[in-house]
Amino acid sequence: MPGSYAVACGTTASFGSPLGGLLYSIEVTARHYEIKNLWEGVISASFCILVFKIVTFLKHDVLFERTTFNGFDMDWDIIAFVLLGALTGLGAGIFCKLAQLLHWTQLVILRRLNLQKPSIQRRLLHILSISITTALITYPVKIMRLSDRAIVNEVFRDQSLSLNQWTQVSEFPTVTLFVYICLKFVISILPCGSPLSIGVFGPLFTIGAAIGRLYGETLMKYWKPSQSPATYAVVGAACFASSATQTVSTSVIFFELTGQLSHMVPVMIASVVAYFVSGVIAPSIYDILAEWAGLHAVCYDFNEHIMNQKYAENNMISVTTAFTRETTYTQALQALSTYKSEEYFPIVNDPENYQLIGCIRRFDLEVAIARFHAIHNHQIPTSTHPSVSAKILKLVSATLDFDKRRTAIVDDISLLNMPQNNGKEDSMTTQNPLQFGPPFAPYTYTSVPVESYPPQVGEDVNLNRVHKLAAIYMWTQVYVVKHGRLLGVINLESSLGKLKREEVPITFGLD
Numbered sequence: 001m002p003g004s005y006a007v008a009c010g011t012t013a014s015f016g017s018p019l020g021g022l023l024y025s026i027e028v029t030a031r032h033y034e035i036k037n038l039w040e041g042v043i044s045a046s047f048c049i050l051v052f053k054i055v056t057f058l059k060h061d062v063l064f065e066r067t068t069f070n071g072f073d074m075d076w077d078i079i080a081f082v083l084l085g086a087l088t089g090l091g092a093g094i095f096c097k098l099a100q101l102l103h104w105t106q107l108v109i110l111r112r113l114n115l116q117k118p119s120i121q122r123r124l125l126h127i128l129s130i131s132i133t134t135a136l137i138t139y140p141v142k143i144m145r146l147s148d149r150a151i152v153n154e155v156f157r158d159q160s161l162s163l164n165q166w167t168q169v170s171e172f173p174t175v176t177l178f179v180y181i182c183l184k185f186v187i188s189i190l191p192c193g194s195p196l197s198i199g200v201f202g203p204l205f206t207i208g209a210a211i212g213r214l215y216g217e218t219l220m221k222y223w224k225p226s227q228s229p230a231t232y233a234v235v236g237a238a239c240f241a242s243s244a245t246q247t248v249s250t251s252v253i254f255f256e257l258t259g260q261l262s263h264m265v266p267v268m269i270a271s272v273v274a275y276f277v278s279g280v281i282a283p284s285i286y287d288i289l290a291e292w293a294g295l296h297a298v299c300y301d302f303n304e305h306i307m308n309q310k311y312a313e314n315n316m317i318s319v320t321t322a323f324t325r326e327t328t329y330t331q332a333l334q335a336l337s338t339y340k341s342e343e344y345f346p347i348v349n350d351p352e353n354y355q356l357i358g359c360i361r362r363f364d365l366e367v368a369i370a371r372f373h374a375i376h377n378h379q380i381p382t383s384t385h386p387s388v389s390a391k392i393l394k395l396v397s398a399t400l401d402f403d404k405r406r407t408a409i410v411d412d413i414s415l416l417n418m419p420q421n422n423g424k425e426d427s428m429t430t431q432n433p434l435q436f437g438p439p440f441a442p443y444t445y446t447s448v449p450v451e452s453y454p455p456q457v458g459e460d461v462n463l464n465r466v467h468k469l470a471a472i473y474m475w476t477q478v479y480v481v482k483h484g485r486l487l488g489v490i491n492l493e494s495s496l497g498k499l500k501r502e503e504v505p506i507t508f509g510l511d
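Note that UniProt numbering has the sequence shown beginning at 1, numbered continuously upward.
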């Protein structure tokens, strides 16, 4: 789960909260999280916070100031916090909906400009339009030039808004704060879906803090609650970020950030209310971004009742090609060249019976063919020096002209031009069968590693169970068998996309 560790470290680096960052990473990136990975995330986040604590000590600076609010008693103020949760949840839901609408509008405009396909012109137009719009909104208003950190520290401070920028728009700071919220809302939505590395959590945090402060200032004017406006700013930040990202664990970040454990009850209650309000309106912003990126397997949550009504045999596709123990190198190369999107190839005992007995990875097959080609063209060094292994790896890469760091695809059919059988019994040509490794034969340098028990389910297993198993074991595809006989294969991502098209109406024509 390297993605979870990265999210944990990134959140820790941004807010200085290792435990909150770890819980947030689990909630955001993993539906089924292996407990054994928990300590690795703890270590990563702990080292991250240690480094930043050292840097903070050397620079004599802090990211966010600690708050010192009065203790919270269970009184009528809890109603104000619940209303704040509903308000921020509504705002977060509108934020996510507007992000979808903006993306749809961008696609329509690009389609009219004949820029549907990714290109340099499309990227430049997209980025320049966002940059110019953001500049026109940001620079005329002085308060928009301040960093998120400065704004958050200002609204979290338990005193009147004191920055000079608050009086530019109006003599009343609350009016300027309202203008800031509106403009920040717009410039935070604009980069969503663009070919840029955008930060979402930080702007959401800042918008929520500003909404909470405005809410608190309004209450102080008309109701005189026992809590200060800065308290509502903290709760608003937690609620808005929680509801927009659909993560309750965000509240833990704010407990570590502010040190105000006395306000755990109002923060948690308001966050849960905001979570439900936003969830009714739109999915989380991360689900939306993942869907735009084509990650349907992680961005859409189906009702278990729907998944239980779908069975493997009704959602599988036919197997394009299958290998046997008699498959030759020539046939393997033709399969690699024809089916370039296949990551795995099943192995069956007989072309007629189709009993599934294993599968092989595309990458392993390409490496084995390259080694076979290298050996039988007398290109392997005879030296036993340690550098021989490095030379062999370089030779393998050069033979098929692919980079091991990427998914390899064979395009070079010239390997079929290897020397044919010259009459010697021990000669090897591309007409010889593939050399499989265990359990069929001992390992050799040219053996193809075999997965003796490939991912497989029975034909009457429901999709809910199939996808749960796939999420736990990180499968990308599952073979469907009946009494051991191969019937087809389920591609997990495409099956989810098919279900979504069948079961859920599309709001915007994003295609």
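Note that beta-carbon positions come from the ideal geometry of N, C-alpha and C, so glycine has one too.
Legend entry - Straight-line Cα distance separating leucine 190 from leucine 289: The count along the sequence shown starts at 1 and reaches residue 289 at position 289. The count along the sequence shown starts at 1 and reaches residue 190 at position 190. Approximately 13 Å between the Cα atoms of the pair.
Inset, instruction - Could you spell out where the beta strand (DSSP E) holding arginine 485 opens and where it closes? - result: For the purposes of this step, residue 485 is identified with residue 485 of the sequence shown, where counting begins at 1. Looking at the DSSP string, the run of the beta strand (DSSP E) that includes arginine 485 is 485-491.
Legend entry - Backbone secondary structure at glycine 193 - three-state DSSP: In the sequence shown, the residue the question calls residue 193 occupies position 193. DSSP places glycine 193 in coil when its eight states are reduced to three.
Inset, instruction - Check the C-beta distance from valine 348 over to tyrosine 354 and give it rounded, since I have them as a contact under 8 Å. - result: Reading the sequence shown from its first residue, position 348 is the one you call residue 348. Reading the sequence shown from its first residue, position 354 is the one you call residue 354. The pair is a contact, with the Cβ atoms about 5 Å apart (cut-off 8 Å).
Legend entry - Sufficient close CB pairs (3 or more, under 8 Å) joining the segment 92-102 to the segment 238-256: Flag = yes, the segment 92-102 and the segment 238-256 touch.
Legend entry - Exposure label - glycine 114; buried when at least 16 CB within 10 Å: If you number the sequence shown from 1, residue 114 lands on position 114. First, the amino acid is wrong: residue 114 is asparagine here, not glycine. Classification of asparagine 114: exposed, given that the 10 Å Cβ count is below 16.
Legend entry - Other residues of its chain near valine 461: CB distance less than 6 Å, five sequence neighbours each side excluded: Counting from one through the sequence shown, the residue named residue 461 turns up at place 461. The beta carbon of valine 461 sits closer than 6 Å to those of Ala312, all from its chain and outside the five residues before and after it, given in chain order.
Inset, instruction - Could you tell me whether any non-hydrogen atom of the ligand MN is closer than 6 Å to the CB of leucine 128? - result: Ligands displayed in this structure: none; no statement on the ligand MN is therefore possible.
Legend entry - Boundaries of the beta strand (DSSP E) in which phenylalanine 345 is found, first to last residue: Residue 345 sits at position 345 when you count from the first residue of the sequence shown. It spans 344-348 - the beta strand (DSSP E) in which phenylalanine 345 sits, taken as one unbroken run.
Inset, instruction - Could you tell me whether the Cβ atoms of alanine 209 and valine 235 are closer together than 7 Å? - result: One-based indexing of the sequence shown puts residue 209 at position 209. One-based indexing of the sequence shown puts residue 235 at position 235. A distance of 7 Å or more separates the beta carbons of alanine 209 and valine 235.
Inset, instruction - Please report how far the alpha carbon of alanine 163 lies from the alpha carbon of valine 155, in whole angstroms. - result: For this step, residue 163 is matched to residue 163 along the sequence shown. For this step, residue 155 is matched to residue 155 along the sequence shown. Looking at the sequence itself, residue 163 is leucine, so the reference to alanine does not match. Taking the straight line joining both Cα atoms gives about 10 Å.
Inset, instruction - Let me know the secondary structure DSSP gives arginine 465 once reduced to three states. - result: By 1-based counting over the sequence shown, the position of residue 465 is 465. It is helical.
Inset, instruction - Return the bridge partner residues of threonine 328 from the DSSP annotation. - result: Counted from its first residue, the sequence shown places residue 328 at position 328. As computed with DSSP, threonine 328 is found in a beta bridge with Pro433.
Inset, instruction - Let me know the secondary structure DSSP gives glycine 199 once reduced to three states. - result: The residue labelled residue 199 in the question sits at position 199 within the sequence shown. Glycine 199: coil per DSSP, three-state reduction.
Inset, instruction - Identify the continuous beta strand (DSSP E) that holds glutamine 477 and give its terminal residues. - result: Locating residue 477 in the sequence shown gives position 477, counting from the first residue. Counting along the chain, the beta strand (DSSP E) containing glutamine 477 begins and ends at 477-482.
Inset, instruction - State yes or no: is the C-beta of isoleucine 181 within less than 7 Å of the C-beta of isoleucine 211? - result: As a working mapping, residue 181 is identified with position 181 in the sequence shown. As a working mapping, residue 211 is identified with position 211 in the sequence shown. Here isoleucine 181 is near isoleucine 211, since their CB atoms are less than 7 Å apart.
Inset, instruction - Kindly list the residues whose CB is nearer than 8 Å to the CB of threonine 218, restricted to its own chain and excluding five residues on each side of it in sequence; keep chain order. - result: Against the sequence shown, residue 218 aligns to sequence position 218. Short of 8 Å from the beta carbon of threonine 218, and not among the five residues preceding or following it, lie these beta carbons of its own chain, in chain order: Thr174.
Legend entry - Supposed close pair isoleucine 187, isoleucine 137 - CB separation, criterion 8 Å: Walking along the sequence shown from the start, residue 187 turns up at place 187. Walking along the sequence shown from the start, residue 137 turns up at place 137. With a Cβ gap of about 6 Å, isoleucine 187 and isoleucine 137 count as contacting.
Legend entry - Beta-bridge pairing of residue 540 - partner residues as DSSP gives them: Within the shown structure, residues of the chain are numbered from 1 to 511, placing residue 540 beyond reach of any answer.
Legend entry - CB of methionine 316 within 7 Å of CB of valine 480, strictly: Position 316 of the sequence shown, counted from the first residue, corresponds to residue 316. Position 480 of the sequence shown, counted from the first residue, corresponds to residue 480. The answer is yes: Cβ separation under 7 Å.
Legend entry - Rounded separation between lysine 221 and alanine 86 - CA only: Walking along the sequence shown from the start, residue 221 turns up at place 221. Walking along the sequence shown from the start, residue 86 turns up at place 86. Between the C-alpha atoms of lysine 221 and alanine 86 there is a straight-line separation of about 21 Å.
Legend entry - Distance, alanine 332 Cα to valine 367 Cα: Within the sequence shown, numbered from 1, the residue matching residue 367 stands at position 367. Within the sequence shown, numbered from 1, the residue matching residue 332 stands at position 332. In a straight line, the C-alpha of valine 367 is about 12 Å away from that of alanine 332.
Inset, instruction - Give me the Cα-Cα distance between residue 512 and isoleucine 127, rounded to the nearest whole angstrom. - result: No statement about residue 512 is possible, as the shown extent of the chain runs from 1 to 511 and does not include it.
Inset, instruction - Take the Cβ of lysine 482 as the centre, count every other Cβ of all protein chains shown within 10 Å, and call the residue buried at 16 or more, exposed below. - result: Against the sequence shown, residue 482 aligns to sequence position 482. Classification of lysine 482: exposed, given that the 10 Å Cβ count is below 16.
Legend entry - First through last residue of the beta strand (DSSP E) which encompasses valine 450: Mapped onto the sequence shown, residue 450 falls at position 450. In this chain, valine 450 is not harboured by any beta strand (DSSP E), its DSSP state being neither H nor E.
Inset, instruction - Can you grab the Cα-Cα spacing for the pair asparagine 432 / valine 478, in whole Å? - result: Position 432 of the sequence shown holds residue 432. Position 478 of the sequence shown holds residue 478. About 30 Å.
Legend entry - Three-state secondary structure (DSSP) of leucine 336: Numbered from 1 along the sequence shown, position 336 holds the residue referred to as residue 336. Leucine 336 falls in the helix class under three-state DSSP.
Legend entry - Whole-angstrom distance between serine 495 and arginine 149, CA atom to CA atom: Position 149 of the sequence shown, counted from the first residue, corresponds to residue 149. Position 495 of the sequence shown, counted from the first residue, corresponds to residue 495. The straight-line gap from Cα to Cα measures roughly 43 Å.
Inset, instruction - For valine 457, write down the residues that DSSP places opposite it in a beta bridge. - result: Here residue 457 refers to the residue found at position 457 of the sequence shown. By DSSP's assignment, valine 457 forms a beta bridge with Val480.
Inset, instruction - Could you check the C-alpha separation between alanine 274 and isoleucine 132 for me, to the nearest Å? - result: As a position in the sequence shown, residue 274 is number 274, starting the count at 1. As a position in the sequence shown, residue 132 is number 132, starting the count at 1. The straight-line gap from Cα to Cα measures roughly 33 Å.
Legend entry - Classification of aspartate 350 by the beta-carbon crowding that lies within 10 angstroms, buried from 16 upward: Counted from its first residue, the sequence shown places residue 350 at position 350. With fewer than 16 Cβ atoms within 10 Å of its Cβ, aspartate 350 is classed as exposed.
Legend entry - Residue burial classification, glutamine 309 (beta-carbon count within 10 angstroms, cutoff 16): As a working note, residue 309 is residue 309 in the sequence shown. Exposed is the label assigned to glutamine 309, since fewer than 16 other Cβ atoms lie within 10 Å of its Cβ.
Legend entry - DSSP bridge partner residues for cysteine 359 (one or two, in chain order): Here residue 359 refers to the residue found at position 359 of the sequence shown. Note: cysteine 359 sits in a beta bridge opposite Pro346 and Glu451.
Legend entry - Straight-line Cα distance separating serine 119 from glutamine 227: In the sequence shown, counting from the first residue as 1, residue 227 sits at position 227. In the sequence shown, counting from the first residue as 1, residue 119 sits at position 119. When only Cα atoms are considered, glutamine 227 and serine 119 end up about 53 Å apart.
Legend entry - With 16 other Cβ atoms within 10 Å as the buried cut-off, status of isoleucine 130: As a first step, residue 130 is located in the sequence shown; it is residue number 130 there, counting from the start. Answer is buried; the Cβ neighbour count reaches 16.
Inset, instruction - Determine the direct distance from the alpha carbon of serine 447 to that of isoleucine 360, and round the result to whole angstroms. - result: On the sequence shown, position 360 is the one that residue 360 refers to. On the sequence shown, position 447 is the one that residue 447 refers to. C-alpha separation (whole angstroms): 11 Å.
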